[in-house]
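Student:
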Amino acid sequence: MAAKEAVEKRKKFLIDWLINHEIYEAEDGRQLYELSLGELEHMYIAERIKIGKEMSKID
Numbered sequence: 001m002a003a004k005e006a007v008e009k010r011k012k013f014l015i016d017w018l019i020n021h022e023i024y025e026a027e028d029g030r031q032l033y034e035l036s037l038g039e040l041e042h043m044y045i046a047e048r049i050k051i052g053k054e055m056s057k058i059d
């Protein structure tokens with residue numbers, strides 16, 4: 001698989017994951033498809049951390 005194809009495949013995964021978690025745009029209002037791979041990865045990691053923190057809360 002060419003590098004460009006790998007990047008596009010990863011971007012699709014990240015966009016699909018973010019949409020499934022009800023994240024539809026960046027904080028600055030740009031649509032997910034407008035973001036770079038790095039920006040998508042940052043959003044993905046931030047959301048995974050948020051989910052982890054919520055799951056670790058003790059009631």
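For the sequence shown, counting from 1, position 19 maps to 19 in full-length UniProt numbering; every step adds exactly one. Quick reminder that beta carbons are idealized off the backbone N, C-alpha and C, glycines included.
1. So LEU35 and ALA26 are supposed to be a Cβ contact under 8 Å. How far apart are they, rounded?
2. Ordered along the chain, which non-local residues of its own chain (more than five positions away) have a Cβ less than 8 Å from that of GLU47?
3. Please classify MET43: is it buried, with 16 or more other beta-carbons within 10 angstroms of its beta-carbon, or exposed?
4. For GLU25, write down the residues that DSSP places opposite it in a beta bridge.
5. Using three-state DSSP, classify MET1 as helix, strand or coil.
Tutor: By the coordinates alone:
1. Walking along the sequence shown from the start, residue 35 turns up at place 35. Walking along the sequence shown from the start, residue 26 turns up at place 26. Rounded, the Cβ-Cβ distance is 6 Å, consistent with contact.
2. Numbered from its first residue, the sequence shown carries residue 47 at position 47. Cβ neighbours of GLU47 beyond the five flanking positions: LEU18, HIS21 and ILE23.
3. In the sequence shown, residue 43 corresponds to position 43, counting from 1. It is buried - the Cβ of MET43 has at least 16 other Cβ atoms within 10 Å.
4. In the sequence shown, counting from the first residue as 1, residue 25 sits at position 25. Answer by DSSP bridge pairing, in chain order: GLN31.
5. By one-based count along the sequence shown, residue 1 stands at place 1. MET1 falls in the coil class under three-state DSSP.
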